[in-house]
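Everything below concerns the one structure shown next.
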Amino acid sequence: MYVCLCVGVTNHTVAECVARGASTSKAVAEACGAGGDCGRCRRTLRAIIAASKNSEPEFEIAASL
């Protein structure tokens, strides 16, 4: 799904940026351009970042088993 129509960035691209360390919407904008133009997608970017943070502990637990 496209998250940022201004530059054509998908949720997959944003998730990759977050996985590589982008932890704010500004960091995502610097990494892939999403949210750097009009800013309408920043709420969605923050939701993707938050979802990633919520899912990390489960991954860490599963990885340690």
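Residues 1 to 65 in the working numbering are what the sequence shown spells out, letter by letter.
The beta carbon of each residue, even a glycine, is placed where N, CA and C say it ideally should be.
Supposed contact pair residue j and residue i - C-beta distance, whole angstroms, cut 8 Å
i	j	result
A31	A22	5 Å
I76	A15	Past the boundaries of the shown model lies residue 76; the chain is included only from 1 to 65, so the question cannot be answered.
Residue i burial status per 10 Å Cβ neighbour count (16 or more: buried)
i	result
S25	buried
Cut-off 7 Å between Cβ atoms - residues of its own chain near residue i, not counting five sequence neighbours on either side
i	result
G36	A29
S55	none
T44	V3
M1	T10 and N11
9 Å Cβ cutoff met for residue i and residue j
i	j	result
C41	C6	yes
V3	A34	yes
Proximal residues to residue i (C-beta, below 6 Å), its chain only, five neighbours per side dropped
i	result
F59	The pLDDT assigned to F59 is 46, lower than 50, so where the model puts this residue is not dependable, and the model offers no usable value.
I46	Reading the sequence as shown, one finds Arg at residue 46 and not Ile. Counting only Cβ-Cβ distances below 6 Å, and skipping sequence neighbours, we find S25.
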